[in-house]
Structure formats: structure tokens, C-alpha cells
Amino acid sequence: MLQAKKHSTMFINLLISLISLFMAIVVGAIIIALLGSNPFEAYGALLKGAFGTPMAWTITLTKSVPMIITGLAVALAFKCSVFNIGVEGQLLLGAMAAAIVGAHIKLPTFLHIPVVLIASMIGGMLWAFIPALLKEKRNVHIVISTIMFNYIGQYLVQYLIMGPFKGEGAALATKAIHDTARLPKFLPPPYVLNLGIVIAIFGIFVVYILLNKTSIGYEMRAVGLNKHAARTNGINVERNMFFALLFSGAIAGLAGGIEVTGSLGKIVNGFSPGYGFNGIPVALMARNNPFMIFFTALLIGTMRSGSLMMQSSVGVSQNMVDIIQGLIIVFLCGEHVIRYYLVKKPSKGGKQHA
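Structural data, given as C-alpha cells:
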């Protein structure tokens with residue numbers, strides 16, 4: 507009976523996510539029509555840009571990789587009731603660590619790639635450490651501190667690119683990493699799909715096992731479900747929230763490391779179009795389910811990849827993708843508010859059942 511209830515809940519959650527997506531697409535279509543364009547042509551161009559050619563397929567998958575990983579970072583923290591909004595900053599610092607180690611240390615390929623990716627995870631974890639410490643020691647709200655550290659991280663990386671680690675030439679970029687630190691590509695140029703997609707899929711299984719098959723994952727989920735009940739049962743709530751934010755930061759840093767070692771080969775100023783922020787709708791639509799994150803990240807990757815074709819062929823701005831993402835979050839949040847008030851709705855006579 508419990509298993510049937512679990513499956514029913516999963517189905518309802520999936521249905522709500524699909525309805526939210528559908529409503530966002532419909533409202534997006536209305537906005538496109540009001541702006542004087544044909545929404546069917548716009549969405550058709552978007553899909554063609556994302557999947558119209560083999561090259562488009564590989565670009566879409568490549569753009570989805572950082573969002574799979576940032577979605578996992580957000581979901582892991584959310585599972586422990588930690589609202590890590592600082593994934594973008596942690597990604598940037600992870601990318602910076604990867605760029606430094608990849609360019610200034612030379613190792614054989616079989617060592618260099620793992621060392622660079624581990625460095626990126628350490629960079630992301632260290633950037634999450636201060637908000638985690640502030641929460642544990644001074645009870646500083648995680649949302650506020652992580653948002654602030656996004657901006658600090660952004661300007662710190664800009665300073666490092668323009669100053670101590672600036673590469674040769676006029677471009678605002680770091681020195682290119684060594685070839686021994688580059689992730690192997692699956693197809694010859696100009697195709698861009700690389701080993702990052704395999705690492706992202708492997709990460710899905712790692713996060714699932716961590717959350718569902720380990721004692722620390724059990725404690726994190728217990729804290730996420732009910733902090734007071736978890737504390738009553740002897741679980742150290744503060745410690746679990748601390749480590750959840752550190753693990754989340756490490757995963758976010760890995761996303762930056764894969765971007766540097768895979769697609770970019772160095773850090774270019776403004777290289778991230780908001781991959782860390784995109785992880786939030788990815789995790790919300792997936793209901794923090796690691797396996798569903800693959801599909802929701804692919805959806806956002808599709809919109810990102812196809813938006814240029816939509817703009818060039820139909821004249822609808824690429825920013826429409828951001829509007830649709832925002833609408834998805836609005837409808838998902840609206841669902842949570844409605845569900846909350848339905849549960850809290852008092853019975854007839856003004857009394858509420860215990």
C-alpha cells in the first residue's frame with residue numbers, strides 16, 4: 507500500500523510539472539503572438555535549431571551538460587532543505603580553479619583530467635564553505651548569503667581573468683589549458699560533444715546513491731522532510747545542512763570544470779549564460795529526482811540551443827527562453843502555494859483537524 511501511494515505521489519508530481527510546462531509554453535505563445543509573430547513558427551524554429559541537424563543535436567546535448575550538473579547541485583541541497591541559490595558563483599570558482607590547474611600544471615592525460623576536475627570541485631566547495639559556516643555558526647540565511655556570494659564570485663573571477671591569470675592577447679580570458687587536461691571528444695571537429703555528457707550521467711547515479719543508499723543521504727532527506735522530527739530522533743540538523751551545502755558546491759564546481767576542460771579550453775569573461783541559475787528550474791521541474799533532471803536539463807538545453815534560430819528566422823528574441831523559464835518557476839511555485847492552502851484548509855465550523 508505504501509509503495510502504491512509512493513507511485514501515486516510520483517505520478518501526481520510528474521503531472522504537475524508537465525502541466526506547469528504546458529502552461530508556460532501557452533503563455534509564452536500568447537506573448538509571442540502579442541508581439542506580432544507566429545508562435546507556431548517560433549517554436550518550430552526553436553526545435554529546428556536544437557535538433558534540425560546532427561551538429562545541432564550535439565550542441566544541444568553539450569549545452570545540457572552543465573545544467574544536468576547544476577540541477578543535481580540544486581536538488582541535493584534542496585533535499586536537505588538547503589536553498590542553495592549560489593550555484594552560479596560556485597560554478598564560476600570551480601571553473602577558475604580548473605583553468606588555473608589546467609594551464610599552470612603539466613601532467614600526463616590520465617592524471618591531468620582527474621586532477622583538474624577535482625580542483626574544480628574543491629573550488630566550488632570552498633566557495634560554498636563560507637555561507638555554510640555562516641549558517642552553522644551565526645544562523646545567517648543561506649538564500650541571502652549564497653546570492654551575495656554569486657556577485658562576489660563573479661567579480662572575483664573577472665579580476666583574476668583581467669589580472670593575475672590573464673592569457674596572452676587582448677581578449678579577456680585566461681591562458682589556454684594544456685591538451686592533456688582537455689576532455690576527449692566523441693566526434694571529430696566541428697562537432698563539440700565530449701566526455702562531459704558521460705560524467706554528467708555518472709553524476710546522476712552518484713547523487714541518487716548518495717541520497718537513497720547511504721546513511722548520510724537518509725539523514726539529509728530526513729532533515730529536508732522535517733527538521734524538528736529529525737532533531738528529535740537524534741539527527742544533527744545543522745551538520746547535515748552544512749555538508750549538504752558543501753556537497754552541492756562541489757557538484758556546481760564540477761560543472762564549471764567540465765565547461766573549461768570540455769567546450770572552452772579556458773575561461774572567457776562571461777562564459778556562463780547563467781548555468782547555475784538554470785539549475786533551479788531544472789531541479790524544480792524534476793522534483794529533485796536525479797533521473798528526471800536529465801530530461802528537464804535537456805528541455806532547458808533545447809531552448810537554449812534553439813533560441814538563436816528562433817531569433818534569426820522568426821525575429822523572436824532569444825530572451826523569450828528566459829521568460830518561459832521564469833513562467834515555469836511561477837507556475838510550479840503557484841502549485842506549491844495551492845497545495846499548502848489545501849492541506850491547511852480548516853474544516854467546517856472554523857476548526858482544523860489535528
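The sequence shown: position 217 = 723 (this note's numbering), numbered continuously.
Glycine included, every Cβ here is placed at the ideal spot set by N, Cα and C.
Quiz item: On the three-state DSSP scale, how would you describe Lys641?
Solution: To locate residue 641, count along the sequence shown from 1; it is residue 135. Here DSSP, grouped into helix, strand and coil, assigns Lys641 to helix.
Quiz prompt | Three-state secondary structure (DSSP) of Val774 | solution = Indexing the sequence shown from 1 puts residue 774 at position 268. Shown here, Val774 sits in a strand according to DSSP, grouped into three states.
Quiz item: Which value, in whole angstroms, describes the spacing of the CA atoms of Lys643 and Pro690?
Solution: Sequence index remark: in the sequence shown, residue 643 carries index 137 (1-based). Sequence index remark: in the sequence shown, residue 690 carries index 184 (1-based). Their Cα atoms are separated by approximately 43 Å.
Practice problem: Can you give me the Cβ contacts of Val774 inside the same chain, cut-off strictly under 6 Å, excluding the 5 residues immediately before and after it? | Solution: Here the question's residue 774 lines up with position 268 in the sequence shown. Within the same chain, Val774 has close Cβ partners Ala679.
Quiz prompt | Residues sharing a beta bridge with Thr680, DSSP | solution = Mapped onto the sequence shown, residue 680 falls at position 174. Per DSSP, Lys672.
Practice problem: Measure the C-alpha to C-alpha separation of Glu547 and Gly577 and round it to an integer number of angstroms. | Solution: By one-based count along the sequence shown, residue 547 stands at place 41. By one-based count along the sequence shown, residue 577 stands at place 71. Rounded to the nearest angstrom, the two C-alpha atoms are 30 Å apart.
Practice problem: Classify Met691 as helix, strand or coil using the three-state DSSP reduction. | Solution: Residue numbering aside, residue 691 sits at position 185 when the sequence shown is read from its first letter. Note on identity: in this sequence residue 691 is Lys, with Met being the wrong assignment. Lys691 falls in the strand class under three-state DSSP.
Exercise. Would you please state the rounded distance, in angstroms, between the beta carbons of Val571 and Ala792? I believe it to be under 8 Å.
Key: By one-based count along the sequence shown, residue 571 stands at place 65. By one-based count along the sequence shown, residue 792 stands at place 286. The C-beta distance from Val571 to Ala792 rounds to 16 Å, too long to meet the 8 Å contact threshold.
Quiz item: Going by Cα to Cα distance, which pick from Asn732, Ile522, Leu541 and Gly768 is closest to Leu567?
Solution: By one-based count along the sequence shown, residue 567 stands at place 61. Nearest to Leu567 by alpha-carbon distance, out of Asn732, Ile522, Leu541 and Gly768, is Gly768.
Quiz item: So what does DSSP say about Asn794, is it helix, strand or coil?
Solution: Within the sequence shown, the letter at position 288 stands for residue 794. In the structure shown, Asn794 adopts coil according to DSSP, grouped into three states.
Quiz item: Can you check whether the CB of Pro796 is closer than 8 Å to the CB of Tyr665?
Solution: Position 159 of the sequence shown, counted from the start, is the residue given in the question as residue 665. Position 290 of the sequence shown, counted from the start, is the residue given in the question as residue 796. For the pair Tyr665 and Pro796, the CB atoms are not nearer than the 8 Å cut-off.
Self-check item: Pairwise C-alpha distance: Tyr724 and His734
Solution: Position 228 of the sequence shown, counting from 1, holds the residue named residue 734. Position 218 of the sequence shown, counting from 1, holds the residue named residue 724. Roughly 15 Å separates the two Cα atoms.
Quiz item: If we call anything under 8 Å between Cβ atoms a contact, is Val827 one with Ser813?
Solution: Here residue 827 is taken as the residue at index 321 of the sequence shown, counted from 1. Here residue 813 is taken as the residue at index 307 of the sequence shown, counted from 1. Between Val827 and Ser813, the C-beta spacing is below 8 Å.
Quiz item: Between the C-alpha atoms of Val533 and Leu833, what's the straight-line distance to the nearest angstrom?
Solution: Along the sequence shown, read from residue 1 onward, the residue named residue 533 stands at position 27. Along the sequence shown, read from residue 1 onward, the residue named residue 833 stands at position 327. About 8 Å.
Quiz item: Between the C-alpha atoms of Thr686 and Leu598, what's the straight-line distance to the nearest angstrom?
Solution: Indexing the sequence shown from 1 puts residue 686 at position 180. Indexing the sequence shown from 1 puts residue 598 at position 92. For the pair Thr686 and Leu598, the Cα-to-Cα distance works out to about 22 Å.
Self-check item: Three-state secondary structure (DSSP) of Asn784
Solution: Against the sequence shown, residue 784 aligns to sequence position 278. It is helical.
Quiz item: Apart from the five residues just before and just after Lys857, which ones in its own chain have a Cβ nearer than 6 Å to its Cβ?
Solution: For this step, residue 857 is matched to residue 351 along the sequence shown. Summary for Lys857: the model assigns pLDDT 48, below 50, so the residue's position carries little reliability; its value from the coordinates is reported in the next sentence. Cβ within range, chain order: n/a, list empty.
Practice problem: Counting only the same chain and skipping the five closest in sequence on each side, list residues whose C-beta sits under 7 Å from that of Trp633. | Solution: Taking the first residue of the sequence shown as 1, we reach residue 633 at position 127. Excluding positions up to five away in sequence, the list reads Gly595, Gln596, Leu599, Phe655, Gly659 and Gly755.
Quiz item: Helix, strand or coil: which one does DSSP assign to Asn700?
Solution: Taking the sequence shown and counting its residues from 1, the one referred to as residue 700 is at position 194. Strand at Asn700.
Quiz item: Closest to Ser587 by CA distance: which of Pro670, Ala609, Ile518 and Glu744 is it?
Solution: Here residue 587 refers to the residue found at position 81 when the sequence shown is read from its first residue. The alpha carbon of Ser587 has as its nearest neighbour, out of Pro670, Ala609, Ile518 and Glu744, the alpha carbon of Glu744.
Self-check item: Sequence-distant residues of its chain with Cβ nearer than 7 Å to Met668 (five each side left out)
Solution: The residue labelled residue 668 in the question sits at position 162 within the sequence shown. Closer than 7 Å at the Cβ level, and outside the excluded window around Met668, lie Leu678.
Quiz item: Considering only residues of the same chain and omitting the five flanking positions on each side of Val607, which have a CB-CB separation below 7 Å?
Solution: In the sequence shown, residue 607 corresponds to position 101, counting from 1. Cβ neighbours of Val607 within its own chain (closer than 7 Å, five residues either side excluded): Val621, Val622 and Ala625.
Exercise. Under 8 Å by Cβ, that's how I've got Val822 and Met815 pegged, so tell me the actual separation to the nearest angstrom.
Key: Here residue 822 corresponds to residue number 316 of the sequence shown, with the count starting at 1. Here residue 815 corresponds to residue number 309 of the sequence shown, with the count starting at 1. Wrong, their Cβ atoms sit about 10 Å apart, outside the cutoff.
Practice problem: Starting from Ile731, trace the alpha helix (DSSP H) both ways and give me its first and last residue. | Solution: Within the sequence shown, numbered from 1, the residue matching residue 731 stands at position 225. Strictly speaking, residue 731 in this sequence is Leu, with Ile absent from that position. Note, Leu731: alpha helix (DSSP H), Ser721 to Leu731.
Practice problem: Please classify Leu617: is it buried, with 16 or more other beta-carbons within 10 angstroms of its beta-carbon, or exposed? | Solution: As a working note, residue 617 is residue 111 in the sequence shown. Of the residues assessed, Leu617 falls on the exposed side of the cut-off, its CB having fewer than 16 other CB atoms within 10 angstroms.
Quiz prompt | Neighbourhood of Phe674 by C-beta, 8 Å cutoff - its chain only, sequence neighbours within 5 removed | solution = The residue you call residue 674 lines up with position 168 of the sequence shown. For the record, residue 674 in the displayed sequence is Glu; it is not Phe. Cβ contact annotation for Glu674 (same chain, cutoff 8 Å, sequence separation greater than five): Lys681, in chain order.
Quiz prompt | CB contact flag (Leu770, Met631, <8 Å) | solution = Here residue 770 is taken as the residue at index 264 of the sequence shown, counted from 1. Here residue 631 is taken as the residue at index 125 of the sequence shown, counted from 1. No. Outside cutoff.
Quiz item: Under a three-way DSSP split, which group does Gln596 fall into?
Solution: Translated into positions along the sequence shown, residue 596 becomes position 90. Helix, per DSSP.
Quiz item: Which runs of the alpha helix (DSSP H), 4 residues or longer, sit entirely within the region 789-839?
Solution: Entirely contained in the region 789-839, the alpha helix (DSSP H) runs reaching 4 residues are, in chain order, 796-820.
Exercise. Could you check if Phe711 is buried or exposed, using at least 16 other CB atoms within 10 Å of its CB as the buried criterion?
Key: Translated into the one-based positions of the sequence shown, residue 711 becomes position 205. With fewer than 16 other Cβ atoms within 10 Å, it is exposed.
Quiz item: So the alpha helix (DSSP H) Pro779 belongs to, where does it begin and stop?
Solution: Looking up residue 779 in the sequence shown gives position 273. In the DSSP annotation of this structure, Pro779 is not part of any alpha helix (DSSP H), being labelled neither H nor E.
Self-check item: Thr615 versus Leu541: straight-line alpha-carbon distance, rounded
Solution: In the sequence shown, counting from the first residue as 1, residue 615 sits at position 109. In the sequence shown, counting from the first residue as 1, residue 541 sits at position 35. Here the alpha carbon of Thr615 sits roughly 52 Å from the alpha carbon of Leu541.
Quiz item: When the Cα atoms are used, what is the spatial distance from Pro787 to Phe748?
Solution: Translated into positions along the sequence shown, residue 787 becomes position 281. Translated into positions along the sequence shown, residue 748 becomes position 242. The C-alpha of Phe748 is placed about 23 Å away from the C-alpha of Pro787.
Exercise. Report the rounded CA-to-CA distance for Leu640 versus Pro560, giving the unit in angstroms.
Key: On the sequence shown, residue 640 is found 134 positions in, with the first residue counted as 1. On the sequence shown, residue 560 is found 54 positions in, with the first residue counted as 1. Their backbone Cα atoms lie some 48 Å apart in a straight line.
Practice problem: Helix, strand or coil for Asn718, going by three-state DSSP, please let me know. | Solution: Against the sequence shown, residue 718 aligns to sequence position 212. Correct three-state label for Asn718: helix.
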